[in-house]
Every structure is written in C-alpha cells, then in structure tokens.
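Those sequence lines, one after another, are chains P and U.
Just so you know, our numbering puts 293 at position 293 of the first sequence, and the rest follows in order with no gaps.
Just so you know, our numbering puts 105 at position 105 of the second sequence, and the rest follows in order with no gaps.
A virtual CB, placed ideally from N, CA and C, is assigned to each residue, including glycine.
Down below is the structure, laid out as structure tokens.
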Amino acid sequence: MDVNLILNDHFVLVQRKSQMSLHQLPKKEGKQWTIKVGRDLVDLSSALGKPHGTFKLSRNEENKSKAFSLVPSNDVVELKEKLKDLNSGENNKEIWDDGKSQQLKKEDIEELRGQGLTGSEIVTQLVENSKTFQIKTEFSQEKYLSKKEEKYSEWVEILKPNIRHLAKYFHSQDPMQILNLRPDTLAMIMSLANIKSNGKFGVFDGGCQGLVTAAILDRIQGFGTVWNLCLKGISQKRVIQAMNFSPEQLKPLKNANLHKVKESLKKEENGDGDEVPAAKIIKLDEDAPQPLELGSLDGLVVLCRRPNAIAKELVRLLAPSGNFVIFCPYSEPLCETYTDFRECNLAVNLKLTEAWFRLHQVLPLRTHPEVNMSGSGGYILSGIKVVS
Amino acid sequence: MSFAKTKHAVEEGDTVIIYVNPQAMYAIQVKPLIATKKGDMVENIFQTAYGALKVQELVGKKFGHKVQFSRGWGYLLHPTPELWTLNLLHRTQILYTPDISLIVMQLDLKAGSIVVESGTGSGSLSHAIIRAIAPTGHLHTFDFHQQRVEIVTKEFIDHGLETFVTAKQRDACKDGFDLEDTADAVFLDLPNPWLAISHAVKALKNSGGRICTFSPCIEQTQKTCEALVAKGFKCIETMECLQREFQVKNITLPDVDDYNFSFSQTTDKDSEGNGKKEGRKFRALLPALQMAGHTGYLTFATWPRQSSVQI
C-alpha cells in the first residue's frame with residue numbers, strides 16, 4: 001500500500017491558493033465523496049488512487065453531476081500571466097471606489113457558473129466588465145487577480161497531511177480548540193522537551209487534539225515510547241488520526257491512565273507486586289510493554305489551562321536531568337507553577353517564555369511584513385528536573 | 001558520547017553540562033588530563049566561581065544530581081542540543097533555539113530524513129538536526145572554512161554522533177554538494193544563498209523536498225525568493241521568530257497615600273488595601289527590558305515532485 005497515493009479511509013488536505021480544508025475519504029471503496037471547495041462542489045473520490053499533488057477541477061461531460069471531478073495536472077496557469085498584455089495605469093489618481101466598477105452582478109456571475117464556465121473564464125469576464133481594471137497599476141492588477149484566484153482558481157492541491165500543515169490548519173480554524181498552540185510554539189516544545197528517537201516521553205494533553213503527541217510520533221518514526229497520560233477516558237486524538245500513521249509509526253504510543261498508574265505503584269510499594277502468578281512470568285518477554293514508573297521519562301510535555309497541581313505531580317515521572325515543557329494559553333497559571341517549582345527546587349534552567357512570530361511578503365518592490373499577524377501563541381514554562 | 005544515547009551516569013569521554021546558574025553553565029568533556037596552552041598534559045581541574053572541580057571524579061556520577069566544588073555546588077546535566085547551543089565555543093555567529101526549532105519543524109525533519117546543510121559554522125544547528133533525523137537519517141554538512149570543518153568533525157566524534165553526519169570542506173555556491181537526488185531537505189546559511197539554489201535542486205530528491213535559507217538582511221531574502229520562484233519552488237514563505245522571556249516577581253506597590261486623590265469632595269479613606277501591605281502585593285509577569293529583536297529571515301519552500309518520477 002503506497003502511502004503516497006490518495007487512499008480510502010485516509011485523511012487529505014485540500015488546498016486552493018491559501019484556503020485549506022481537512023477531509024477523510026470514505027472507508028468503503030467505490031463510494032462517491034463530494035466536498036465543498038469555496039463555493040464549488042468537488043468530487044474528492046475522483047482523486048482516489050492518484051498520487052498527492054496538483055489537480056484540475058474538470059467538468060465531466062458524460063457525468064452530468066454538478067460536482068467537478070479532479071484530474072492530475074501540471075499545467076497550472078496563473079491569471080496574471082494570462083492577462084498580462086492588458087493595459088495598466090500609473091497610479092490611482094483617477095480611481096474612485098464607489099462599488100460600481102464591476103458591471104456584472106452577483107446573479108450574472110452565478111449564471112456564468114451555471115453555464116459551466118471555468119474559473120479562469122469567469123475572472124476574464126470580471127476583468128472585461130470592470131471599468132477600472134485597465135487603469136489600475138500593474139501591481140494593483142496582480143493583487144486583484146490573486147484575490148480572484150482565491151475564489152475561482154481551477155487548480156487545487158491534494159496534500160498528504162503532515163505536522164507542519166496540520167499545526168497551521170488547526171490553529172487557523174479555531175485557535176482555542178488547540179489551546180492557542182501556535183505552530184512556532186509547537187516547534188519550540190519539540191526542541192525544549194528534547195524529543196528524539198529511542199527516548200521515553202510523556203504527554204499530558206489537556207485539549208490540543210493530540211497535536212503534540214502526533215508531532216512526537218512523526219518525529220521518532222517508531223523508535224521509542226510516547227506515553228499518552230490521561231486522567232479521564234476521553235483521549236485527544238484528532239490530529240493523530242489525520243496523520244494517517246501506519247502501525248509501525250503508532251507503535252511507540254501507549255496510553256496510561258494516571259489513576260491506574262497510581263494504583264500499580266502503590267501495589268509495588270506494598271510488596272503486592274512480588275506475587276506474580278506463574279502464568280504471567282512466562283508471558284514476560286522483551287516485547288512486553290514496560291510499565292510507566294516514576295523517574296523513567298526522558299521528556300515530559302504538559303498542555304493544559306490549569307497546569308498548577310498536575311504539572312508538579314507529572315514531573316515525578318521524569319528522570320533526573322530530564323526535560324519538561326509546560327504549555328498554557330494563559331500566563332497567570334504558569335506564574336504560579338514557576339513560583340512553585342522554584343520554591344521546591346524541582347528544576348534548574350526554569351524559563352517562562354512566549355514566542356513571537358511574523359510572516360513577510362517578499363515580492364519585487366513590494367516587500368514588507370504581512371499586514372496581519374498573530375498576537376499570541378500561548379506561553380511555555382520549560383526546565384530540567386534535578387534532585388536536590 | 002552522551003549526545004547519542006541517554007545515560008544515567010557519566011562515563012569517561014562524555015561531554016557533560018555543569019550548571020551553576022542560568023548565566024553560568026559549562027560544557028566539559030570528562031577526561032583525566034587536559035592540554036595547557038603550551039601543550040603539556042595536566043590534571044583536568046575545572047575552575048568555577050564556587051571553587052575547583054576535579055573533572056575525572058565526575059565518572060560514575062549521576063545526571064540531574066548535585067556536583068561538589070571546593071567552595072560550593074552545582075548540578076550535573078545531560079547534554080542536549082539546546083544546552084550545547086548555549087555553551088559551545090563560537091567560531092562563527094550561531095543560530096539559537098527559536099530559529100533552530102522552527103527550521104527543524106518547517107523542513108519536515110524526522111527520523112530517516114537526509115539533510116544537506118551549508119555552512120556548518122559552529123555546529124549549533126547541526127546538533128539539533130542530528131537529533132531529529134537519527135538513527136536512520138544522515139546529515140551532509142559543508143563549510144568552506146577548513147579549520148571549522150576540522151573542529152566540528154572532532155566535536156561530532158567526541159559526542160558520539162559521527163555515524164549520523166558527514167562534514168566536508170566545500171564552497172557550496174561554486175562547487176555544489178556533489179550529491180544528486182539524495183536530500184529530503186536543504187538548509188542554506190550563506191551570504192549569497194541564491195547562488196546555491198541550482199546546486200540545492202540537484203541534491204534534492206526528484207520525489208520532492210524542502211529548502212530553507214537563513215539571511216540576516218532583507219536584500220538577501222529578496223534575491224533568494226526571486227531565485228526560488230524562477231527555479232520552480234512552490235509554497236515560498238518568509239518568516240521570522242523571536243522569544244520573549246519573562247521574570248516572575250512579587251511586586252509590592254508603594255503606599256496608597258502617595259496616590260490618594262479624588263475629584264469628589266470627600267476622600268475615600270476606607271478603600272480596600274489602604275495602608276495594608278498585603279493589599280499592595282501582587283505577582284507580576286515582567287518581560288525582560290531588553291530582548292533579541294532580530295536574528296534573520298527564514299525562507300522556506302517546497303521542491304515539488306518532478307514529473308520524471310513515476311509512482
């Protein structure tokens with residue numbers, strides 16, 4: 001099964017220009033699956049069996065379905081290239097934005113859609129029916145066409161989900177669904193927790209949809225252990241599912257209900273653990289999962305809105321000189337945790353940080369930071385556990 | 001040795017971190033003897049503000065525990081790429097953890113990735129790349145400065161990482177990487193990265209890959225983006241990241257009498273916290289007064305799967 005092909009039951013990311021959406025293909029082979037890309041209906045199942053990549057929205061003449069089907073394509077034509085021979089102006093001195101430049105009405109455009117015009121043809125119509133297009137500057141025309149392509153581009157990318165795309169996607173959809181964990185903050189967590197293959201890591205995910213667990217599983221590719229630490233039965237796992245992990249890639253993932261871990265540790269303490277039934281001794285071999293013990297983890301990540309009591313307890317799972325990262329969307333709880341750790345001499349190199357992040361538009365004669373930026377991406381308390 | 005594998009106790013030859021406080025940390029290689037400037041071998045004794053440490057006595061000591069100096073103590077820490085970045089000997093300007101972590105994530109690095117890096121510099125980023133791609137990946141790193149290549153090669157060996165990395169002396173812009181259809185990712189930290197784009201394309205896998213360039217100046221970034229567009233790279237994004245650090249301090253506000261005023265006739269004398277010290281105390285999150293404001297612009301792009309590749 002080649003994972004570079006679009007397969008049933010797998011997740012894919014569908015991207016048109018800057019718009020992205022996450023979809024799961026039907027489990028059952030042969031079932032049609034239609035999705036919405038902007039205002040267009042697209043038959044996603046028409047891409048099954050093809051490699052991920054660029055697809056063109058095509059009308060199937062035989063199939064009178066309203067949905068576009070997807071055809072692999074390498075001939076992406078940018079509208080600014082197609083329409084570059086038109087006139088352009090010097091500046092916006094004569095242009096007045098009264099909302100009346102475009103002579104086509106909403107209904108006219110809908111009719112053109114209904115007639116089966118391609119996206120490029122619709123935009124050409126919009127340009128021809130614009131009173132101001134040919135007096136706009138070249139840069140202004142490019143910007144106008146780019147904006148139209150967001151809605152009308154005939155090409156989409158069908159992408160294999162990876163952590164970089166999913167982190168950006170989930171954060172842009174609804175930041176608080178992942179506790180406002182911005183992608184660059186996620187990148188810092190991966191470094192500060194010293195995530196590496198053949199290590200033992202623990203993640204307490206208090207509402208990040210499994211994003212960090214998925215990122216660790218992706219980084220270690222089957223080498224090592226990732227304990228999913230939970231108090232309640234409900235596991236955060238949406239991102240883990242979206243990654244289409246293979247059984248080998250999922251092998252490191254182990255669930256640990258902290259209440260049960262507490263019980264088994266108590267049993268060991270009371271000497272109950274010594275009485276192992278004969279049948280169980282035979283079963284213990286190298287492949288048997290090692291139970292989670294205090295002082296055993298190389299790295300720990302805690303993600304929650306109220307890290308206070310739980311973070312201090314979970315750090316007991318870390319080995320001495322182990323790295324921990326506590327992430328919280330709010331700074332005040334982390335102040336408490338910072339003070340607590342300081343007073344108890346639990347850790348060294350304690351740092352409370354926030355990541356600052358900005359994108360830049362780099363175009364000839366038009367380079368500047370992007371106009372919008374993220375105001376916050378959560379806070380991190382990181383440190384190294386010590387035995388004082 | 002201890003970079004490659006997590007250990008609980010120190011063995012001879014390991015590089016360890018001695019931690020005194022956040023501003024005083026030292027990377028030490030545990031050897032019984034050390035060479036003086038003249039080349040004589042003497043007992044390896046490390047001096048700190050709290051006294052001397054006989055380095056050989058670290059053998060067998062446990063990581064994460066205290067270590068004694070003649071007039072005080074510190075902590076013995078397991079090395080990590082982050083601690084190495086803060087304590088390595090600078091031969092060039094280096095990259096720090098915020099940029100490094102963004103690079104590793106945006107290049108989609110994972111165990112098994114093959115990476116090309118130029119220039120190696122002081123090996124700060126190299127250590128983080130190796131951590132991400134081990135045990136099945138490989139880093140090909142290049143620097144045009146012979147001595148820097150020699151120093152970093154020795155460091156990789158000292159740290160037990162030599163199986164994961166090949167360091168070579170090479171002028172990437174002129175001579176390329178001598179690699180074809182090999183790399184999942186290419187990282188360029190050069191004065192003129194646009195001159196190495198064609199070489200990067202040759203080194204990248206025909207099935208696709210990622211590229212990153214790091215440039216302090218916007219002009220370099222502009223030239224690089226133009227070259228990337230012309231060559232056929234997709235999803236070109238330029239970004240920058242910084243880290244803001246906070247102190248947590250208990251603040252006591254001055255006595256309210258200094259600020260006791262009201263436009264109304266009667267002055268409210270019974271306001272909460274009036275004169276009481278407890279009401280004037282709060283825990284503050286204080287950003288540092290000075291912070292790093294710029295390191296460089298990071299440009300990432302995707303080299304798409306070439307049509308010559310059949311799946």
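Subject >> Of the listed residues P/Val386, P/Val325, P/Ala309 and P/Arg366, nearest to P/Tyr379 (C-alpha basis) >> reply: P/Val325
Original post:
Where does the unbroken beta strand (DSSP E) through P/Lys385 begin, and where does it stop?
Top reply: Tyr379 to Lys385
Original post:
Tell me the DSSP bridge mates of U/Lys281?
Top reply: U/Thr252
**OP:** From the DSSP output, read off the bridge partner residues of U/Tyr75.
**Re:** U/Tyr19 and U/Lys66
Subject >> N- and C-terminal bounds of the beta strand (DSSP E) containing U/Ala301 >> reply: Tyr297 to Trp303
**OP:** Out of U/Pro79, U/Leu204, U/Arg148 and U/Glu43, point me to the one whose CA is closest to U/His90's CA.
**Re:** U/Arg148
**OP:** Can you give me, in chain order, the residues of the region 84 to 114 of chain U that have a beta carbon less than 8 Å from any beta carbon in chain P?
**Re:** Thr97, Pro98, Ile100, Ser101, Leu102, Val104, Met105, Gln106, Asp108, Leu109, Lys110, Ala111 and Gly112
**OP:** Verify the CB distance criterion: does U/Ala196 have a CB-CB separation below 8 Å to chain P?
**Re:** no
Subject >> Bridge partners - U/Lys168, DSSP secondary structure assignment >> reply: U/Phe142
Original post:
Would a C-beta distance cut-off of 8 Å place U/Val165 and U/Phe177 closer than the cut-off?
Top reply: no
**OP:** Alpha carbon to alpha carbon, how far is U/Ser215 from U/Pro191? Give it in angstroms, no decimals.
**Re:** 7 Å
**OP:** Would you mind giving the Cβ-Cβ distance between U/Cys235 and U/Thr302, rounded to the nearest angstrom? I have them listed as a contact below 8 Å.
**Re:** 5 Å
Original post:
If you pair each beta-carbon of the region 131 to 146 of chain U with each one of the region 114 to 122 of chain U, do three or more pairs fall below 8 Å?
Top reply: yes
**OP:** Report yes or no: is there a C-beta of chain U within less than 8 Å of the C-beta of P/Gln221?
**Re:** yes
Subject >> Proximity test, Cβ basis, 8 Å: P/Met243 and chain U >> reply: no
Subject >> Candidates U/Ala185, U/Met41, U/Gln306 and U/Trp73, of which the one nearest U/Tyr50 by Cα >> reply: U/Trp73
Original post:
Taking the C-alpha atoms as reference points, what is the distance between P/Gly49 and P/Ile6?
Top reply: 5 Å
Original post:
Since P/Leu70 and P/Leu145 are thought to touch, with beta carbons under 8 Å apart, how far apart are those beta carbons, to the nearest angstrom?
Top reply: Actually they are not in contact, since the Cβ atoms of P/Leu70 and P/Leu145 sit about 23 Å apart, beyond 8 Å.
Subject >> Residue range of the beta strand (DSSP E) that includes P/His360 >> reply: Ala347 to Gln361
**OP:** Could you tell me whether the Cβ of U/Val55 comes closer than 8 Å to any Cβ of chain P?
**Re:** no
Subject >> Status (buried if at least 16 other CB within 10 Å, exposed otherwise) for P/Gln15 >> reply: buried
Original post:
Taking Cβ positions, are U/Val67 and U/Val30 nearer each other than 8 Å?
Top reply: no
Original post:
For P/Leu181, which residues from the same chain have a beta carbon less than 6 Å from its beta carbon, with the 5 sequence-adjacent residues on both sides left out?
Top reply: Cys208 and Gly378
Original post:
Is the beta carbon of P/Ser45 less than 8 Å from the beta carbon of P/Lys31?
Top reply: yes
Original post:
Using 8 Å as the threshold, is the region 349 to 360 of chain P in touch with the region 196 to 212 of chain P, meaning 3 or more CB pairs across them?
Top reply: no
Original post:
For the 8 Å Cβ check, are there 3 or more pairs between the region 97 to 104 of chain P and the region 170 to 179 of chain P?
Top reply: no
Subject >> beta strand (DSSP E) runs wholly inside the region 151 to 194 of chain P, at least 3 long, in chain order >> reply: 155 to 159
Subject >> Members of the region 127 to 156 of chain U that neighbour chain P once the beta carbon cut-off is set at 7 Å >> reply: Ala128, Arg131, Ala132, Ala134 and Pro135
Subject >> U/Gln220 in three-state terms, based on DSSP >> reply: helix
Original post:
If you compare alpha carbons, which of U/Gln243, U/Leu161, U/Cys212 and U/Leu286 is closest to U/Asp184?
Top reply: U/Cys212
Subject >> Span of the beta strand (DSSP E) around P/Pro320 >> reply: Leu318 to Cys328
**OP:** Measuring only between beta-carbons, confirm whether U/Ile28 sits less than 8 Å from chain P.
**Re:** no
Original post:
Looking at C-alpha atoms only, which residue of P/Glu61, P/Thr339, P/Leu303 and P/Gly38 is the closest neighbour of P/Lys151?
Top reply: P/Gly38
Original post:
If you run the structure through DSSP and keep just helix, strand and coil, what is P/Cys344?
Top reply: coil
**OP:** Determine the burial state of P/Asp285: buried for a count of at least 16 other Cβ atoms within 10 Å of its Cβ, exposed for fewer.
**Re:** Caution is warranted here: a pLDDT of 42 is assigned to P/Asp285, below 50, making its placement in the model unreliable, and the coordinate value is therefore given only provisionally. Exposed, by the Cβ-count rule.
Original post:
Is there at least one Cβ from chain P nearer than 8 Å to U/Tyr50's Cβ?
Top reply: no
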